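These notes are about the structure you will find just below.
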Amino acid sequence: MNWAAFLSNYIFAFIVLNVMLGLMAYMTYFERKVLAAMQDRVGPKRTGPFGLLQPIADGIKLLAKEDIVPKNADRLVFLVAPLLSFVLAPLSAAVIPFGGTVTVFGQEVNLYVADINVAVLYVLALGGMGVYGIILGGYASANRYSLLGALRSAAQVISYEIVLGLSLVGVFILSGTLSLVQILEAQQQPLSFGGVQVPNWYILSQPLGFVLFLIAAVAETNRAPFDLPEAESELIGGFHTEYSGFRFSFFFLAEYINMIAVSLLAATLFLGGTDGPIADGVWWLAAKAALFLFFYIWLRTTLPRFRYDQLMGLAWKVLLPLALINIALTGLIRLWGLGLL
Amino acid sequence: MSAEVLVFDILGAIAVLAAAGVVLARNPVHSALALVVSFVNVAAIYVILRAEFLAAAQIIVYTGAILVLVLFVIMLVDPDNLPEFHGGRPVQRLLALILGLALLGEVMAAILTRTIVGQPGPWSPQAVAAVGGNTQALGRVLYSGYVLPIQVTAVLLLAATIGALVLARPDTPRVRALVRDTATISLAHPRGSEMANGVEPALPALAAGQLKLEAGERTLVMAKSGDDFLDQPVWGERHQS
Amino acid sequence: MSDERQIAAMPRPEPWRDTGYWGPTDPDAHPAVRAIREQFPDAYIDAYSFRDEMTVRVERPRYRDVIQFLRDHPDLQYTMLSDETAVDMLRLRDDPRFDVVAQLYSLRRRQRLRVKTGVNDGELVPSLVPVFAAAGWLEREIYDMFGIVFEGHPDLRRILLPEDWDEGHPLRKDYPLRGYREYVQPGFEAPAPRVRSRLRRP
Amino acid sequence: MSLEITEPTPVIISEERQVSDTRRELVLNMGPQHPSTHGVLRVRLTLEGETITGCDPVIGYLHRGVEKLGESKRYAQFVPWTDRTDYVAAPSNNLGYVLTVEKLLGIEAPERAQYWRMIMAELARLASHLVWLGTHALDIGALSMSLYCFREREMILDIFEKFCGARLTTNMMEIGGFSRPIPPDLPDMIRDFLAVFPKRQREYEDMLSANPIWLARTRGVGVIEPDVAINYGLTGACLRGSGVNYDVRKAQPYLFYDRVDFEVPLGTHGDVYDRYLVRMEEMRQSLKIIQQCLDQVPTDGPLKLAESNYVIPPHDTVLTTAEDMQRHFIWVIKGFSPPKGEVYLAIEHSKGELGHYIVSDGSPIPYRLRIRTPDFVNLQSLPYMAEGAMLADVVALIGTIDIVLGSVDR
């Protein structure tokens, strides 16, 4: 066991996790500020300079709130469900490559926590497991309507997870691998069309895949136009109605971590992660991820909500066929490229 | 006892205990949760065996999709008309016990006497590494030797989905009973009055200026005075000029 | 008076007299009144006009038939029931205690008409719901406020007051302004405390 | 740290009735404390899976007995109560009541006052439509629409505040005209608003009118055929959305609506989207009306019919002339006694036809005061529209009827 490599990797993982949690907290602040700016108002400004301490204030408020467990709730499952979705959310950042390898104090440190050769499948698996947080939350609240709301959002997440997976197959065909590190390297070699240096980002060669991935990612995290099961909580009571206090904030913050994780994934897969015109580096990845986060918030301010049947219809009748067509096309082009056609 | 074997023993033990939990739990949802735990442990064991693709597939397919649908059924169906797990007449229980013990005996015999030993297939670790990892290896084998089985299972799954769709189709779409027949009014409007003579009155003459095109393929008709369109409301597609 | 006011544009004499929104002001010249007279000679009681409005009073049993007739008559066509309400005539006259008033409006001829009928306490009034679906809630409110029961109404129950309101019907003239007793909300023993502020009269 | 609540407070009361062996109906209570019921409205929905099979709106949570109060207050004392019924468009309510009383008394406000009444009524229509658009879009999910709409409404409320001192409960109209002079810079303030608003309204339309999700959520939802709308007694945008041309300002013009040129938009499909288009067009027409009124209004002349005994004498002459002081004293102590008779007058309120029916027995207190509010009658069509609709559509249907519970429950 090469203890030094393990230790450095562990420290890097520790840093990534803390950065993710910090980003998550300030993502709420970022969202409220951008939302306010788009709605012609100011947003949180009182707590600390420019309202920067707002996330901490929210955290303390939620901590101080009474943590009610309904009487006929299934106690154990009720307590575990939010933890499940909160813990699984940041794990998907483990496979995101934040850069190449760097020598620190003479020690080789590679700027990714783990390079699994099925990295994208690992992220999909985490998404699949995340559904359990929602379902168990709804079931354990013993409230008939939060159960219905939970099952609805579970059905939505499963349908869009399929679309998510299939929309990425195009990228796998082009890059020939599932590991994000190798996908990043594949995107770093610039292509040259008649002297024009074009970065080989997959958004250029996979536009349809990119759009499908974006829509499915927004739906997967129950955000913006696809937040019907939660919004319909006015009628039915979404899965986290019975939760209060810090337990509720687990669900609430898990959503934000999911958003950040998916934005990082999208930036790495389609916009060439840390690859940038001037100096490659993690700041490019951060800029691209911020672009996606802004897109999330932009959707939330402008678009109204889907109705439940339109939402499911969109997934199965529109996005899935498009994803399959995208795979077929990419496959044909790939074969034509290899001359095997 | 290298670290791997130790971890394997722990995971194996948890998986077996969880499997036992599936059978013993009174609440069906708890037994489903136990099943989730055992699936995750099996996936972890796959990872130890360097079969990451299988581990990811196990979690995505089994726990992520199939078990979620099982949970759907368990939660949506009322607990009281779920089949009784622990019931069953004494004769059945006795028979079940005997068969169970027989199965256990066979398995233990096979394991203890080491008669079942897998033959090493063509894919030695070096061959797998040469191809670029077990995902690539799996892909090659799957789509070279086993293309026919894949097509057959695809058709089978398609048939199953269509069957499910037919079963779940709502019986007959209800047409909304129009309230008009009880309280019809005789504003000389074809659908208002009882259409005694069955003839629909002519469309009202529409000056071009009166149409105001709007987004969403809709037109608003602008009435200049209180007397326009009084005998015939502007209704329906007929005004797509 | 200051001269500045004299030169004010003198308001038109009798401004509300000749708008023509209710048809001719002379009862005999009004088409609807004439049609009712010949169609329902027994049900017609009288017709009178005030300002530019025309009111027809009919017998209670034929109330729904008259209004159905006014709605379906080809050249009357009072197709919209603007409003239906009741007036407790306790202090103005004694014989029929209540008046059920229907304000009709003819979309086609852009004219209004008011049909009234006298009802005593406990008598049944033929409901207008089969003629106008609008009468559903209007009659439920009349029942809620006055206690007039409409025969033929699909579900006549209280609409504004809580279901367990057992103190009669508030808009009757003999119902005190503050009600008989404090209303105790279900689930509470005492009524909501009334704030006695120093400023208000005791 | 988690305290167990002893007995669960039933926020959502539900019973499940066995309709037939295979189907089971769910009864669901929506409200009365509910973010998208525009106030305290409770809707009992019976659901079969996703579609609604029965819908029974329960109202009366905001019932204050306005009509009973009307029978214990003098004519002029009741005016503040009118702007508490529909608290979103208070000037229109004042106008409705005051015009009916003036018809009973047989008097008419001077020309200048009538023009200013028209301007204020149209501004109230704009304010009410902006509240409708904001909350309707918010219910369907477009968050920022409500912020934009209330930003414009703020400008209208400032105009009201400059005119009568109050933003919401304006209580501005009096029997016989206005007793306070018109602030000199008010017309310019209104003209600035007229210059800014069309551009802002185009912003709303860019966000909603061609938005595919908005179209998907509103087109074909809550369809009402014209004859059914007439039969239900619907008025206002709910009726005009189905193509029936009935606008009280055109059908039975009051004030000077016959001197002003404007058009009445009529929808062709009678669904939520058409009513949205009709109301947006109504806003543009109101701008036209206000513009013409501002041009036509005489800049001087009396604001109040001071010489009639039914009207409170103007403040300045009360202090100076003995005769006015005496008239003022009698008017305040005894009030005025109108002729015996009954009067019904309807005006075009932002939500439909607002009618007042006053029976007078000659005493200074009205014998019977009936307020026919448009949203009470329009709300009756909710069960007709909701039957067979999806659960998520109920929110859109309540929004399209545009109800304010103050005027539904009175």
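Protein chains in written order, with my numbering: chain A, 598 to 938; chain B, 10 to 250; chain C, 4 to 205; chain D, 29 to 438.
All residues carry an ideal CB built from backbone N, CA and C; glycine is no exception.
For clarity, every value in this text was computed on a predicted model and none was experimentally measured.
Chain D residues whose Cβ lies nearer than 8 Å to that of residue i
i: Arg820 (chain A); result: Per Cβ cutoff of 8 Å: no residues; Arg820 (chain A) is ~12 Å from chain D at best.
i: Glu56 (chain C); result: Glu370, Val371, Tyr372
Proximal chain B residues relative to residue i, where beta-carbon distance stays under 8 Å
i: Ser270 (chain D); result: Pro242, Trp244
Under 7 Å from the C-beta of residue i: neighbouring residues of chain D
i: Ala232 (chain B); result: Asn273, Glu291, Val292, Leu294
i: Thr88 (chain C); result: Tyr385, Arg398
Backbone secondary structure at residue i - three-state DSSP
i: Val61 (chain C); result: strand
i: Thr322 (chain B); result: For chain B, the structure presents residues 10 to 250; residue 322 (chain B) sits outside this window and is missing.
i: Lys131 (chain D); result: helix
i: Tyr742 (chain A); result: helix
i: Leu121 (chain B); result: helix
i: Met83 (chain C); result: strand
i: Tyr47 (chain C); result: strand
i: His91 (chain D); result: coil
i: Gln241 (chain B); result: coil
i: Gln354 (chain D); result: helix
i: Asn707 (chain A); result: strand
i: Met200 (chain D); result: coil
i: Leu106 (chain B); result: helix
i: Trp19 (chain C); result: coil
i: Glu142 (chain C); result: helix
i: Pro14 (chain C); result: Note that Pro14 (chain C) scores 48 on pLDDT, short of 50, meaning its location in the model is unreliable; the coordinates nonetheless yield the value given after this. If DSSP states are grouped into helix, strand and coil, Pro14 (chain C) belongs with coil.
i: Lys227 (chain D); result: helix
Own chain partners of residue i with C-beta closer than 8 Å, once the 5 adjacent residues on each side are dropped
i: Val61 (chain C); result: Ile39, Phe43, Ala46, Tyr47, Ile48, Val69, Val118, Lys119, Thr120
i: Glu56 (chain C); result: Trp25, Arg115, Arg117
i: Val720 (chain A); result: Ser689, Val692, Ala858, Leu862
Beta-carbon neighbours of residue i, restricted to chain A and to distances below 8 Å
i: Ile168 (chain D); result: Pro901, Arg902
Chain B residues whose Cβ lies nearer than 7 Å to that of residue i
i: Asn714 (chain A); result: Glu61, Gly142, Thr144
Cβ shell of residue i (< 6 Å), same chain only, five flanking positions each side left out
i: Ala27 (chain B); result: Ala43, Val46, Ser47
i: Met204 (chain B); result: Bear in mind that a pLDDT of 37 at Met204 (chain B), under 50, signals an unreliable position, so the model cannot answer this.
i: Thr345 (chain D); result: Asp352
Under 9 Å by beta carbon: chain D residues contacting residue i
i: Phe238 (chain B); result: Gly271, Val272, Asn273, Leu294
i: Leu942 (chain A); result: Nothing in the structure corresponds to residue 942 (chain A), since chain A is present only between 598 and 938.
Cut-off 7 Å between Cβ atoms - residues of its own chain near residue i, not counting five sequence neighbours on either side
i: Gln71 (chain C); result: Val134
i: Asp906 (chain A); result: none
i: Leu90 (chain D); result: Gly67, Val68, Leu433, Gly434, Asp437
i: Arg102 (chain D); result: Gly363, Pro392, Ile393
Beta-carbon neighbours of residue i, restricted to chain C and to distances below 9 Å
i: Gln408 (chain D); result: Ala136, Ala137, Gly139, Trp140, Leu141
Interface partners of residue i on chain C, CB under 7 Å
i: His100 (chain D); result: Just to set this straight, residue 100 (chain D) is Ser in the shown sequence, not His. Leu180, listed in chain order.
i: His377 (chain D); result: None at all; the shortest Cβ gap to chain C is about 13 Å.
Chain A contact residues for residue i, given Cβ-Cβ distances below 7 Å
i: Arg179 (chain D); result: Asp637
Where residue i meets chain A, residues with beta-carbon distance less than 9 Å
i: Val45 (chain B); result: Met726, Tyr729
Contacts of residue i in chain B (Cβ-Cβ under 9 Å)
i: Pro226 (chain D); result: Within 9 Å Cβ-Cβ: nothing; Pro226 (chain D) doesn't reach chain B, min ~15 Å.
i: Tyr840 (chain A); result: Here the premise fails: no neighbours, minimum Cβ distance about 18 Å.
Query raised in the report: Between the segment 905-916 of chain A and chain D, which residues of the former have CB atoms less than 8 Å from a CB of the latter, in chain order?
Result: Tyr905, Asp906, Gln907
Query raised in the report: Any residues in the segment 63-74 of chain B with a beta carbon nearer than 7 Å to a beta carbon of chain A? Which ones, in chain order?
Result: Ala65, Ile68, Ile69, Thr72, Gly73, Ala74
Requested in this report: Select from the segment 233-245 of chain D all residues with a C-beta closer than 8 Å to any C-beta belonging to chain B, and list them in chain order.
Outcome: Glu233, Ser237, Ala238, Leu243
Requested in this report: Examine the Cβ distances between the segment 805-820 of chain A and the segment 759-779 of chain A and report whether three or more of them are shorter than 8 Å.
Outcome: yes
Requested in this report: Could you say if the segment 147-161 of chain B and the segment 717-734 of chain A meet the contact criterion of at least three C-beta pairs nearer than 8 Å?
Outcome: no
Query raised in the report: Quick one, which residues of the segment 69-84 of chain C are near chain D if we go by CB-CB under 9 Å, in chain order?
Result: Thr82, Met83, Leu84
Query raised in the report: Hey, is the segment 768-787 of chain A in contact with the segment 116-135 of chain B, meaning 3+ C-beta pairs nearer than 8 Å?
Result: no
Query raised in the report: Is the segment 876-889 of chain A in contact with the segment 729-738 of chain A, if contact means three or more CB pairs nearer than 8 Å?
Result: no
**Report entry** Where the segment 146-162 of chain C meets chain D: residues whose CB sits under 7 Å from a CB there
**Finding:** Ile162
**Report entry** Residues in the segment 303-322 of chain D having any Cβ partner in chain B nearer than 8 Å
**Finding:** Leu305, Val306, Glu309
Query raised in the report: What residues in the segment 879-901 of chain A have a beta carbon less than 9 Å from any beta carbon of chain D?
Result: Arg897, Thr898, Thr899, Leu900, Pro901
**Report entry** Meets three-Cβ-pair contact criterion under 8 Å: the segment 384-395 of chain D and the segment 128-147 of chain D
**Finding:** yes
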